[in-house]
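Written out below as structure tokens is the structure these notes cover.
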Amino acid sequence: MSLPDSIALILTCVTLFRYFIIGVQRSSQIETMDDFFFYGRRLGKLGYERTFVATGLSLATVLFFFLDFGGKFGVPLVLSPLMFCLGTYIFILILPRLQKAGFLERGTTLHNFVGKSFNWSALRYSSAIVSILGYLGIFVIELYVGVEIFKIFSTSTQWTAIVAIFIMSLIFIYTYLGGYKAIIDTDSLQLKLIVTGTLLALISLVIFQFKLPKTHPPQLFPFPGWLPIPFIIVMIIGNVPFQILRMSHWQRAAAVGNMEIIKSGLKRGIFVSFIIWIVFGAMGLLLYWIANLQKPGAIILLEILRNNTLPYNIIVYPMLFTAFVAALISTADTVFMTVLNSYIYDFKLHRDLHDENQDARLQLDQQVQEKGLKSSRRAILFILFAGVILYYVLTQIFGFEFIDLLFVFFNQQLVLFPAVVLAIKAPNGSAHPARYGALCGIWIGWLAVWGVSIYGKQIDNPDLVLYASAVGWLVAIIVTIVISFRGVLIIMRRKGT
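For the sequence shown, the working numbering begins at -7 and goes up steadily by one.
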């Protein structure tokens, strides 16, 4: 193994060991379920901003996405971060309604909020199931691409299996011990690693483009081959309405509890995320110019940094590799905590809550608190196994690839859109006139997503696969309106919450 490879692995192991130490340290601070899941409702602006940015910079959806497509689509790819920022701003706009409904003060999950708004547990369970499947999809995506970056050392099946098991075990341990407190602390470290590695890699690529032979001319505006229509549709629908459906946004909001802190943290987080995404897009353009993109862009970037003889690459390459691993973990640990939060509050403990009419920071007695913490920690292992099984089924049996997983499996949550919008518009039980339409919209829309995507895969039509989540979103809206037309009309005509 070369010296740069050895340094990269050592630096990565040191970083991962630091995560383990953080989990051990934070475990002593976990006394209640509120501490484990919601940071004791004391998450500050800086912590909120850092975890928002670090979680958004997932290895799959950002690093591979922009490095692979930056050179192919050029400047028009900026549509993706712009739509993400717009969707997040819409989430900011609904915060006053959430505050008025009491969610920021005592909320638990998006799905409890929906169930309470419609006064129907069927909608709580249904929305939770779809969200959990979607978030397990993120885990599948991260595992899919996480294995890829370690293939730079070895392509053997045994090696990649060992890597996957090691990373999953680490996430299990420090999440099990430290809960959301450990995730916030590791996200702060991960963001520093990602920013440092990214800036060093960008500087190196700029230098390399003067030294290495060019394989393709740069295409800032590759007209007429800009963004394909299916791609544009998914970029808009998969970002703008989607942000109010992300249960991790709701969990972070509950961890803060203060609307002004949330607004400030989100605005700063949006700005930082946008800048980093633009940097990755620029790196994708440079990669397209100096390399033949027959492999994933992240792998090519690592190979360029590792194989070039410039002296400082002995620092840049290990830093970037560690940043990639940090990006992988920053999303995976949040997935586990978010899914776990939903499992406990939406399913496991719901019948133990003293007041079914609060979706709340509920007054749980000591016995229920202890039961909840034990159940939470046991469930983490179950979630890990569920993610691995899902990974095998989707990639090995159905043959889904990265782009399919990214745009179909995660975006299936779009079918929740009409139910969540109605719940926000009419909280605290007042959305019940439209509950049958909302429930049917979720499941018929969900069937539409998977029906279209599987059919598109069978006939080898990638555009149809891309359209699947948008089709499900539209079907869910239509079904909700058709079945509960009068109820939807009553709710949408109301003023205020």
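Yeah, the Cβ is synthetic: ideal placement off N, Cα and C, and Gly gets one too. Note that the coordinates shown come from a computational prediction; the quantities given were computed from them, not determined experimentally.
**Request:** For the region 232 to 241 and the region 14 to 25, state whether three or more C-beta atom pairs, one from each stretch, are separated by less than 8 Å.
**Result:** No: the two stretches stay apart, fewer than three of their Cβ pairs being nearer than 8 Å.
**Prompt:** When the Cβ atoms of the region 179 to 191 are set against those of the region 41 to 50, are three or more pairs found closer than 8 Å?
**Reply:** Touching, yes, given that three or more Cβ pairs across the two stretches are closer than 8 Å.
**Prompt:** Can you tell me the Cα-Cα spacing of Ala352 and Ala371, whole angstroms?
**Reply:** With a pLDDT of 44 at Ala352, under the threshold of 50, the predicted position of this residue should be treated as unreliable, and no value is reported.
**Request:** Put Arg238 into one of helix, strand or coil per three-state DSSP.
**Result:** Reduced to three states, the DSSP call for Arg238 is coil.
**Prompt:** Taking only runs of the alpha helix (DSSP H) that begin and end inside the region 239 to 322, which ones reach a length of at least 4 residues, in chain order?
**Reply:** For the region 239 to 322, whole alpha helix (DSSP H) runs of length 4 or above, ordered along the chain, are 239 to 248, 251 to 282, 289 to 299.
**Asked** Considering only residues of the same chain and omitting the five flanking positions on each side of Tyr11, which have a CB-CB separation below 6 Å?
**Response** Correct list, in chain order: Tyr166, Thr178.
**Request:** Decide if Glu140 is buried, meaning its Cβ has at least 16 other Cβ atoms within 10 Å, or exposed.
**Result:** Buried: at least 16 other Cβ atoms inside 10 Å.
**Prompt:** Where does Glu134 land, buried or exposed, given buried means 16+ other C-beta within 10 angstroms?
**Reply:** Under a 10 Å Cβ-count criterion, Glu134 is classified as buried, with 16 or more other Cβ atoms of the shown protein chains found around its own Cβ.
**Request:** Classify Gly421 as buried or exposed, calling it buried when 16 or more other Cβ atoms lie within 10 Å of its own Cβ.
**Result:** That one is exposed.
**Asked** Going by the beta-carbon positions, is the gap between Leu439 and Ala411 smaller than 9 Å?
**Response** Not in contact: Leu439 and Ala411 (Cβ atoms no closer than 9 Å).
**Classification of Cys5 by the beta-carbon crowding that lies within 10 angstroms, buried from 16 upward** = Classification for Cys5: exposed.
**Asked** Excluding the five sequence neighbours on either side, which residues of its own chain have a C-beta within less than 8 Å of the C-beta of Phe142, listed in chain order?
**Response** If we look at Phe142 and ignore the five residues flanking it on each side, its Cβ neighbours are Trp151, Thr152, Val155.
**Asked** Would Leu192 pass as a contact of Val308 if the rule is Cβ separation under 9 Å?
**Response** For Leu192 and Val308, yes; Cβs fall inside 9 Å.
**Request:** Let me know if Leu198 comes out buried or exposed under the rule of 16 or more other beta-carbons within 10 Å of its beta-carbon.
**Result:** Going by the sequence as given, residue 198 is Val instead of Leu. That one is exposed.
**Message:** So Thr80 and Ile262 are supposed to be a Cβ contact under 8 Å. How far apart are they, rounded?
**Reply:** The beta carbons of Thr80 and Ile262 sit about 5 Å from each other, so the pair counts as a contact at 8 Å.
**Request:** State the DSSP-derived secondary structure class of Gln490, mapped to helix, strand or coil.
**Result:** Any answer about residue 490 is impossible in this case: the structure gives the chain only from -7 up to 489.
**Message:** Please state whether the Cβ-Cβ distance between Asn333 and Thr24 is less than 9 Å.
**Reply:** It is not a contact, given that the beta carbons lie outside the stated cut-off.
**Item:** Lys203, buried or exposed, once every other Cβ within 10 Å from all chains shown has been counted against 16
**Value:** Residue environment: Lys203 is assigned as exposed (fewer than 16 neighbouring CB atoms within 10 Å of its CB, all protein chains considered).
**Request:** Could you round the C-beta distance between Ser461 and Phe399 to whole angstroms and report it? I think they count as a contact, below 8 Å.
**Result:** Correct: roughly 6 Å between the Cβ atoms.
**Asked** When the Cα atoms are used, what is the spatial distance from Val106 to Arg89?
**Response** For the pair Val106 and Arg89, the Cα-to-Cα distance works out to about 13 Å.
**Prompt:** Between the beta-carbon of Gly67 and the beta-carbon of Gly273, is there less than 9 Å?
**Reply:** At residue 67 the sequence reads Val, which differs from the Gly that was named. Contact: yes.
**Anticipated Cβ contact below 8 Å, Leu279 with Leu59, distance rounded** = Right, their Cβ atoms sit about 6 Å apart.
**Message:** Would Leu414 and Ile475 be called neighbours here (beta carbons separated by less than 9 Å)?
**Reply:** No; because the gap between Cβ atoms is not below 9 Å, this pair is not in contact.
**Message:** Whole angstroms are fine: how far does the CA of Leu115 sit from the CA of Thr472?
**Reply:** Between Thr472 and Leu115, the C-alpha separation is close to 13 Å.
**Prompt:** Secondary structure at Ile229, three-state DSSP: helix, strand or coil?
**Reply:** The answer is helix: DSSP assigns Ile229 an H, G or I state.
**Message:** With distance defined between alpha-carbon atoms, name the residue in Leu125, Ile144, Gly170, Arg478 nearest to Pro296.
**Reply:** Residue identity differs from the one stated: residue 296 is Ile in this sequence, not Pro. Ile296 has its Cα closest to that of Ile144, out of Leu125, Ile144, Gly170, Arg478.
**Message:** Taking the straight line between their C-alpha atoms, what separation do you get for Arg244 and Val232?
**Reply:** Their Cα atoms are separated by approximately 19 Å.
**Request:** Leaving out five residues on either side along the sequence, give the residues of the same chain with a beta carbon under 7 Å from the beta carbon of Leu365.
**Result:** Only Met25, Phe28 meet the Cβ criterion.
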